[in-house]
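In the numbering used here, the protein residues as written are 2 to 271.
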Amino acid sequence: MTTDKLVPHMEPAQKIRDAVAQVSQLRQDASGDPALGAAVAQVKRLQSRRFAGTYADLLGGGPYQAAAQFFLYELYGEADYSERDAQFSRIAGALQRLFPQQVMATAVSLAQLHALTERLDHAMGHAWLAAAAPAGDARGDAPAAGAPSESPAGRYVRAWRTVARRLDREAQLAVVLEIGRELQRLTRMPGLRLMLKMMRGPAAAAGMGALQRFLEAGFDTFAAMARQPGGADGFMALIRERESELIELLFEADFVACETQLARTLGQAR
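Structure follows, in structure tokens:
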């Protein structure tokens, strides 16, 4: 499913370039179709609100607030990451030459996560636009697709179940968790924080400010969590638990119950 599995010996720099190229192509496709582009944007916006609702308790304060904000704005948000992706692609070779292997592993994981997420969001956009669908879902208890009374939550559930691809959804979560683990490992590397600080000037001069900000924010967020009771492990366990529950809900729950729960979560978004 991932580039790694298809080409196990591919260089990290090429993995980054391939992932960024996939994202770029999908975004071009969406920009060439205004209706699809708007639908994908709606999906992304709703997903960002869903994350904010799921983690409203963490975003509201406490030891995991900064980590939750980092995940919302850097991994789950609706922001356009094309600038950072382009920087990853442009300097992929330099990253491979200059940075430790663990930094490259994080960069590869991030690029591949964005490619997988963009593929899923693109598919969701098509499903969101679908003009017709069966009168009910597999249980016969969903309203007709596109009905005026259908809520955004209901439409999202319908699009999710139309796209399906459960293995990809589970892989998406697995990559998010792996990025967290990789960032956690980076905080244990002697001298890496100093190296990142020394890169600020050269990164800005080379037009790599977005990449620099991500690396520093990730490092500082996980370094701060390491000093908290439970550390990053506690936060990552919450991500795993809540996202796994969401995947189970969206695939397995009664349609109306699923729509109701998702609508409640969206209502909790800050």
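Glycine residues also receive a C-beta, built at the ideal position from the N, C-alpha and C atoms.
Secondary structure at R194: helix, using DSSP grouped into helix, strand and coil. The beta carbons of A264 and F71 sit about 27 Å from each other, so the pair does not count as a contact at 8 Å. Annotation for Y74: the continuous alpha helix (DSSP H) segment containing it runs 66 to 75.
Apart from the 5 residues on each side of it in sequence, D30 sits with its Cβ closer than 8 Å to the Cβ of L37, H123 in its chain, given in chain order.
Distances from the CA of V24 to each of Q48, I240, H127, A112 were compared; the closest alpha carbon is that of A112. With contacts defined as CB atoms closer than 8 Å, T188 and A67 fail to qualify as a contacting pair.
When the beta-carbon positions are compared, Q103 and Y77 stay at least 8 Å from each other. Taken through DSSP and simplified to helix, strand or coil, Q262 comes out as helix.
S152 and R91 have their alpha carbons spaced roughly 42 Å apart. Contact between P35 and V109 does not hold, since the beta-carbon distance rounds to 33 Å and is not under 8 Å.
A106 is the residue among E253, A233, L247, A106 whose C-alpha sits nearest the C-alpha of K16.
Nearest in C-alpha terms to L174, of all of M237, G192, A57, is M237. A direct Cα-to-Cα measurement between G232 and Q269 gives close to 26 Å. Rounded to the nearest angstrom, the gap between the Cα atoms of M196 and A57 is 34 Å. Contact between G126 and L267 does not hold, since the beta-carbon distance rounds to 18 Å and is not under 8 Å. When the beta-carbon positions are compared, V158 and E79 stay at least 8 Å from each other.
If the five residues before and after L60 are omitted, its C-beta is found closer than 8 Å to the C-beta atoms of A53, Q66, A69, Q70, L73, R271, all from its own chain and listed in chain order. The C-beta separation of L117 from D169 comes to about 7 Å, placing the pair in contact by the 8 Å criterion.
About 14 Å separates the beta carbons of D81 and V21, which is beyond the 8 Å limit, so they are not a contact pair. Looking at I180, W161, G202, the one whose alpha-carbon comes closest to that of D234 is I180.
Taking 8 Å as the upper bound for CB-CB distance, F220 and R194 are in contact here, some 6 Å apart.
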